[in-house]
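Laid out in structure tokens, this is it:
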């Protein structure tokens, strides 16, 4: 496959005197499920924000294949096939579930988004995503009325709305009940290899189970990268992060 | 000769700027503390000025007015906060704007009812009614006194904000909203004090400027416009910002009245738009 | 919830209600000129209702665009022999362009900063009007503006009734257009931006560009109202561009409720009629308006029309429940 | 129209805005006044209106018919003024008086003319009886030309040594017009114009302009604006000690109310031009002063006199014509001579300007004041008016 990967080169982010990220080099291989792990405050979400365009790095570059996208805004990257979900549930609470998804689908159809002389297009591919996320029954409900687990599923559904090649999922399992974890885990795994998935997750069992590659961040630095087996075996990681939990 | 004019315009600008500072410091604190947009802030200036007028008419002395003007404004600020404004803290901006704007209208119309719509004169305190010679130029003693008084108050205020625990809470709170509750300080009390002090200072601004420009019922809304400019230029929630913003706007206005008089008013809004575009959070603001 | 942010079908019941109200107004009001003033301000308030209700933008600068529309129409009518309709549309287009420029400069800022910027631009516009007195007539305004037929020789605007019919037709179209936009794909994007602009950005919407477009449309509506004002009076007085105009339009919109375009009509009607009536009773009538404003904000946060809609909704569901044994909503 | 259906349709709203102007009755004449009781010019409108009300209360009838006066509050808004005039005239009203500012007067004058009414006002703009004059509109006070000629010329005669002048001017049409006239006079008399400072309409702080003026070392400072701005400029100029070696001239001043706003300490020694002074001995002023004294227990100020004068002109012309029809009234008005607030006043037919006295006054010391209102003495009364040709009035 000749799909380009997403590459971070020497990326650093400073907030005033605080170094949130320091000289990160990272390559996301197409078709992989690539997880980013690390203790709280390690800089995982900051890295996500840099890669998806919410934040511009203080130094370094972000490339999509050979194309430099360091300064490109988040909304622009969506049109290159880069979509994301948020750590804290970030949906349109007052709109219906179907409308949330529809807006995500519509976003990549520029002409449709500027259409003002007729009603919304019912043909947009909303049903499929509702089905994939298990939200068909709630399609007409206000998104704010969903359970936490269902809202997390909707988050992922919205990230999928633009039919992206790269999906960045920020802690999709946070606060999700045991029953839902399995379902969402399978949903995420099913996205590859058609799509490339970048995942931040604290649930180590899930991460080690489904990832193709794992990068470990600690205090803004990438301290290790490799397959789940490599990471499990890495003494540095064990000391810095995993501790006794594995 | 030209240099001397510039010097004098600078002096004038500082004088105006100091009054702008007093006018705005309460607005910026309340703004910062509660993200609350008080369109009724100009009213406190109006109340201060009319109290000065009434008191000096009754007692024949501007000195009593200096005490009562700020007091009346502070009391009115406190009452409106307790009775009406605190019910709007949870409301959207537009609701707050509408309520406070309505309050300003009510006070303005009340002033017209109680007094009349015409402008009134407030005499300068006799001790300061003279002029001071500076080289070949003269300068009104009262204006110098205003600059001096405002400077003293700025220093006192700075002391209160820097060196007392409560002041620290107030300052911290106005610069970052979450801080106050983190410090474990009664938020309600902080708000009340902010209104009381901020209102009193706006009232003092009105009192001090009454002998300079007289009083009339529409001076409140005019002051509000200036105060907004100062707050935005200085940076929301910043005490030093209000001081710098006030001085900057005062000096810009004063200088412009020599260089491009018809545009003096335009210039202060131009300065504000410029600051916002270049430094969106204001001179001293943190985004 | 009854807000602009809820999707409404197009056209809905209010479209028909609006048509009925516009036809009835000159008959129920004491004078046709009062009806004309009402529809002019309804369109002006609509620009605020649209921006605040649909996009969540509180613009304190709509008076600037109202003024540009008013002066633009007056200048076109004074210096060319175009018909009234062309003048109105061209003036509204000028206002839309100005609004896009102001929007470009101010949408980088959010929340209260945005409010302050629009306020500043409105003030600057007023001072610019005074400075350009050769064009604008300074504080005397532009007087003696002709009122040519609508298009070519058709639609002579000689009588106040004809003027009203013309203005009411524009008002109707402006409302219908706004409703159309609100229930279109573009409207759904604007609603999404109002709800959560960070999410809208992450979904791939260029939030700034959409906001600028929305401001341009808001400017178009305000400019349209200004141009209608010029047609209505045959003059463009300076207060059409005063900062007070901006305040007045915002007040009307909020009093009416920003949940639906109808709020603009109700708010404008309430303000215009009340001002007209109260000012004959007591010179300090503004105080009564101010008290009413406070009462509405504290007790009817959805505005007059929003609250009425809630009541109707409650009454309907109550009746439905009484008829059917099953509860209607879960 | 079916009343019950109407009421049912809009509930209270139709009642709310019910027409307050009764339909024409044969034994009555409807007159409306256009004043701002709210909005930016409320400070002026209220007193003007009171003057008009007192006049109509005093005269009671015009051409034998009872006068029914209605105030239309324009809220300081020319648009609203025109709208209310349209509405009133749509209900049959033909007689309109009053205005609070020039913009409103010019707009209303056009409207009243177009609808075949008669309009008597007190606008300050020269255009009102110049380029924008019309057959239906009449103006009572002297405008900027009069103010400058009747103030500066006698002042210059009395103070031949005062050669170096500085002006502070409001940057708006009226201020410009004062300045243009003042410059012409200075040029004619060969005086030095050291400079001028413009200030914006909304300005309140003048220390900058005053400093600029002081830097040029003038003999005379002329303050060319109106309303509260005049009050502020003079107050601040005096606070800068300008009175010590500079003569201050204020060609356009409203007299008593502004003197009261200043207080005698400021007024003393300053020169003012004004359209009216309550101390003037004349039959017309005696009547006016008695009525105002009886109603308010105070001396008459300019604004009340203005409001009175436009009402008086209406009554005098109606009585002379013996009719209330607009063409008759207009004919009677042109050339009308009557005992007005400033003495014998005449309405000039060519441009509908009232030819009347304008006063140059000088502030008195507190010790010289005979009563609390005796702020200043009249130095000279002049009738100085541009010729209709000069003004550019072509009657439409």
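Residue numbers (the numbering used here), protein chains in the order written: chain A, 208 to 453; chain B, 104 to 390; chain C, 1293 to 1622; chain D, 2 to 397.
The beta-carbon is built from N, C-alpha and C at its ideal position, and this holds for glycine as well.
Computed from a predicted structure; not experimentally measured.
Sequence-distant residues of its chain with Cβ nearer than 6 Å to residue i (five each side left out)
i, result
"residue 297/B", "132, 133, 136"
"residue 1309/C", "none"
"residue 194/D", "166, 187"
Through-space distance from residue j to residue i, alpha-carbon basis
i, j, result
"residue 84/D", "residue 42/D", "18 Å"
"residue 23/D", "residue 93/D", "Because the pLDDT at residue 23/D is just 49, under 50, the model does not fix this residue reliably, and the point stays unresolved."
"residue 342/B", "residue 348/A", "47 Å"
"residue 136/D", "residue 1475/C", "54 Å"
"residue 1435/C", "residue 312/B", "39 Å"
"residue 235/D", "residue 249/D", "8 Å"
"residue 236/B", "residue 207/D", "19 Å"
"residue 256/B", "residue 262/B", "10 Å"
"residue 21/D", "residue 1572/C", "In this predicted model, residue 21/D has a pLDDT of only 49, less than 50, meaning its place in the structure is not dependable; the value taken from the coordinates is given anyway. Distance between the alpha carbons of residue 21/D and residue 1572/C is about 8 Å."
"residue 245/B", "residue 234/B", "8 Å"
"residue 292/B", "residue 269/B", "10 Å"
Residue i Cβ short of 7 Å to the ligand ATP heavy atom set
i, result
"residue 388/D", "Because no ligand of any kind appears in the structure shown, any question about the ligand ATP cannot be addressed here."
Proximal residues to residue i (C-beta, below 7 Å), its chain only, five neighbours per side dropped
i, result
"residue 54/D", "70"
"residue 320/D", "63, 64"
"residue 1374/C", "1368"
"residue 311/A", "365, 368, 369"
"residue 276/D", "142, 143, 303, 359"
"residue 310/D", "141, 341, 342"
"residue 239/D", "267"
"residue 1529/C", "1433"
"residue 199/B", "139, 140, 191"
Chain C residues whose Cβ lies nearer than 8 Å to that of residue i
i, result
"residue 313/A", "1477, 1480, 1481"
"residue 39/D", "1571, 1575, 1576, 1577, 1578"
Interface residues of chain C facing residue i [CB-CB closer than 7 Å]
i, result
"residue 88/D", "1323, 1325, 1326"
Close beta carbons around residue i, own chain, < 8 Å, minus the five adjacent residues each side
i, result
"residue 325/B", "145"
"residue 30/D", "63, 64, 66, 67, 68, 69, 96, 319, 325"
"residue 226/B", "159, 165, 232, 314"
"residue 227/A", "220, 221, 250, 253, 427"
Closer than 9 Å at the beta carbon, the chain B residues around residue i
i, result
"residue 1409/C", "335, 375, 376, 379, 380"
Interface residues of chain A facing residue i [CB-CB closer than 9 Å]
i, result
"residue 1473/C", "323, 324"
Within chain D, partners of residue i - CB distance below 8 Å
i, result
"residue 209/B", "None at all; the shortest Cβ gap to chain D is about 13 Å."
Partners in chain B for residue i, counting only beta-carbon separations shorter than 7 Å
i, result
"residue 278/D", "Simply none; closest approach about 18 Å."
Chain A contact residues for residue i, given Cβ-Cβ distances below 7 Å
i, result
"residue 1601/C", "Here the premise fails: no neighbours, minimum Cβ distance about 16 Å."
"residue 1302/C", "326"
Where residue i meets chain C, residues with beta-carbon distance less than 9 Å
i, result
"residue 365/A", "1491, 1494, 1495"
Beta-carbon neighbours of residue i, restricted to chain A and to distances below 8 Å
i, result
"residue 1315/C", "Those do not exist, as residue 1315/C stays about 26 Å from chain A at its closest Cβ, beyond 8 Å."
Within chain D, partners of residue i - CB distance below 7 Å
i, result
"residue 1371/C", "Chain D residues near residue 1371/C: none, gap ~18 Å exceeds 7 Å."
Item checked: Segment contact flag, the region 377–387 of chain D with the region 271–289 of chain D, C-beta cutoff 8 Å, min 3 pairs -> Yes: at least three Cβ pairs fall under 8 Å.
Checklist line | Secondary structure, beta strand (DSSP E): runs of 3+ residues fully inside the region 259–347 of chain A | finding: DSSP runs (the beta strand (DSSP E)) wholly in the region 259–347 of chain A: 266–271, 289–291.
Next item on the list: Determine contact between the region 408–427 of chain A and the region 248–260 of chain A, defined as no fewer than three beta-carbon pairs at a distance below 8 Å.
Entry: Yes, they touch.
Next item on the list: Report the residue ranges of all alpha helix (DSSP H) runs contained in full by the region 400–424 of chain A; include only those spanning at least 4 residues, in chain order.
Entry: Annotation note: the region 400–424 of chain A contains the following uninterrupted alpha helix (DSSP H) runs of length 4 or greater, listed N- to C-terminal: 411–417.
Margin query: Under 8 Å: do the region 1502–1514 of chain C and the region 1319–1330 of chain C share three or more Cβ pairs, one atom per stretch?
Written below: Too few Cβ pairs lie closer than 8 Å, so no.
Note to self: Below 8 Å, how does it come out for the region 1340–1351 of chain C and the region 1528–1546 of chain C: are there three or more Cβ pairs, yes or no?
What the structure shows: Taking a cut-off of 8 Å for Cβ pairs, the region 1340–1351 of chain C and the region 1528–1546 of chain C touch, as three or more such pairs fall below it.
Note to self: For the pair the region 365–377 of chain D and the region 250–260 of chain D, tell me if three or more CB-CB distances fall below 8 Å.
What the structure shows: These segments touch.
Notebook entry, point to check: Is the number of C-beta pairs between the region 203–217 of chain B and the region 1583–1593 of chain C that are closer than 8 Å three or more?
Noted result: Counting C-beta pairs closer than 8 Å gives three or more between the region 203–217 of chain B and the region 1583–1593 of chain C, which meets the contact rule.
Notebook entry, point to check: Between the region 208–226 of chain D and the region 158–172 of chain D, do at least 3 Cβ pairs fall closer than 8 Å?
Noted result: Yes, they touch.
Checklist line | Interface residues of the region 197–222 of chain B facing chain E [CB-CB below 9 Å] | finding: Absent from the structure is chain E; the protein chains it does hold are A, B, C and D.
Notebook entry, point to check: Where are the alpha helix (DSSP H) runs, 4 residues long or more, that stay fully inside the region 299–350 of chain D, in chain order?
Noted result: Unbroken alpha helix (DSSP H) runs of no fewer than 4 residues, entirely contained in the region 299–350 of chain D, are found at 303–322, 327–334, following chain order.
Note to self: Three Cβ pairs or more, each shorter than 8 Å: is that satisfied between the region 289–303 of chain A and the region 1489–1497 of chain C?
What the structure shows: In the pairwise beta carbon analysis, the region 289–303 of chain A is classified as touching the region 1489–1497 of chain C: at least three pairs are separated by under 8 Å.
Notebook entry, point to check: Touching or not, the region 1419–1432 of chain C and the region 1474–1492 of chain C, by the rule of three or more beta carbon pairs under 8 Å?
Noted result: Flag = no, the region 1419–1432 of chain C and the region 1474–1492 of chain C do not touch.
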